Each structure stands twice: as C-alpha cells, then as structure tokens.
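**Q** Quick note, in the working numbering, the sequence shown goes up one by one and the last residue is 1496.
Backbone N, C-alpha and C fix where the C-beta goes; we use that ideal spot for every residue, glycine too.
Given the structure is predicted, the values throughout are model-derived calculations rather than measurements.
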Amino acid sequence: MKKLIFLLILLFLLFFSSGQTYEEQSLIPLFEDLLTSKPLESQLKKIELPYWGHTISVEERGYYHFVEFIIRKSAHFFLFGLAAIGFYAILPRNTLHFWLALLCTLILALADEYHQQLTGGRTPSGQDVFLDMCGAVTFLSVYICIKRIMQKTLDPSKRS
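#1: Please report the residue range of the beta strand (DSSP E) in which SER1373 lies.
#2: Name the residue from GLY1398, SER1410, LEU1415 whose alpha carbon lies nearest to the alpha carbon of ALA1445.
#3: Which value, in whole angstroms, describes the spacing of the CA atoms of LEU1344 and TRP1388?
#4: So what does DSSP say about SER1393, is it helix, strand or coil?
#5: Determine, for PHE1466, whether the minimum Cβ-Cβ distance to residues of chain C falls below 8 Å.
#6: Taking the Cβ atom as the reference point for each residue, do PHE1352 and GLY1422 lie within a distance shorter than 8 Å?
#7: Could you check where the beta strand (DSSP E) with LEU1385 kicks off and where it finishes?
#8: For LEU1385, does the count of other Cβ atoms within 10 angstroms reach 16, so buried, or fall short, so exposed?
#9: Mapping DSSP to helix, strand and coil, what is SER1461?
#10: Which of the three DSSP states, helix, strand or coil, is assigned to ARG1429?
#11: Below 8 Å between beta carbons: does that hold for ALA1472 and LEU1436?
#12: Determine the direct distance from the alpha carbon of GLY1417 to that of LEU1407, and round the result to whole angstroms.
#13: Consult DSSP for ASP1468 and reduce its assignment to one of helix, strand or coil.
#14: May I ask you to report which of helix, strand or coil DSSP gives LEU1363?
#15: Under a Cβ-count criterion, where at least 16 other Cβ atoms within 10 Å of its own Cβ denotes burial, should MET1486 be classed as buried or exposed?
#16: Does DSSP classify THR1489 as helix, strand or coil?
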C-alpha cells in the first residue's frame, strides 16, 4: 500500500506541475534573492547545452535562467526515474516486469507532455520525453542492481 501511495503522490506532483504555466513555476525570483553572489558562475559559463535547436548557456540566457534550466531538466530525469521505480514496485512480478515499468513510464511521460501542451505558455518536447526515459532506465537499473546486491549480501545461500 505504501508503494502505491508513493506513486500516487508522485503522479499528483507531475500532473500539478505540468498544469502550471512557466510564469507560475518560475524559480528566477527565488534565485535572484538566494543566489545574489551567483555561485559557480565562472564554471557554468563554460557549459553550452543544445536543446530544441538552441544553445542554452549562461551567455545566451543569463545566469539565473541557465540555473533554472538545469534544475528543470534535472527534475525531469529525477522524477521520472522515481516514477519508473514506483511502477516497478507495484506491478506484478514476471519476465516483462522491467519493460512494463518502462512502458508505464513512457506513457506517463507522453501524457505529461500532452498535458503541458494544453497548458498556456508551455511547449511539449520530445527531448523531454527522451530525458524522462533516460531517468527511468537509469534509476530502474540502479535500483535493480542495488536490490540484487542486497539480496546476495543478506542471503548467504546466494553467495558465489
């Protein structure tokens, strides 16, 4: 039951955030208050990221917008990684368990982008779906590896 509640809370957070406009979600005012000294600016100036046919950088967007971009895209990776683990945890165990969790996460990522399309001031992105799925595969793979290592460590009969 706890696993289902975790997944439902995560789904609610995703649905809520994708239903907000960019302005409602903007972290820029917060950063302007908290990061007045612009920490790591000299290091961040060296980074240029291709995205939607544009180059995202401190020089192109400014320090605060660049930091916000990094946090937003990290949130995609992190939240959909957690969603994949949530799906994996509640789905019935079978040989397709891993793939079913990824399929559920893909459907969620596509639905999230569609929901963003319906929200004013938001643009759906195939690159975000790709990023979501990278997070899902990464988190799920690490989760399964850690789970197997722990099982071998705790169960002496499984040691080689």
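**A** Judging by the given coordinates:
#1: SER1373 -> no beta strand (DSSP E), and no H or E assigned at all.
#2: LEU1415
#3: 31 Å
#4: strand
#5: In summary, chain C is missing from the structure at hand, where a single protein chain is found.
#6: no
#7: 1384 to 1387
#8: exposed
#9: coil
#10: coil
#11: no
#12: In the sequence on display, residue 1407 carries Ile and not Leu. Going from the Cα of ILE1407 to the Cα of GLY1417 covers about 15 Å.
#13: helix
#14: coil
#15: exposed
#16: helix
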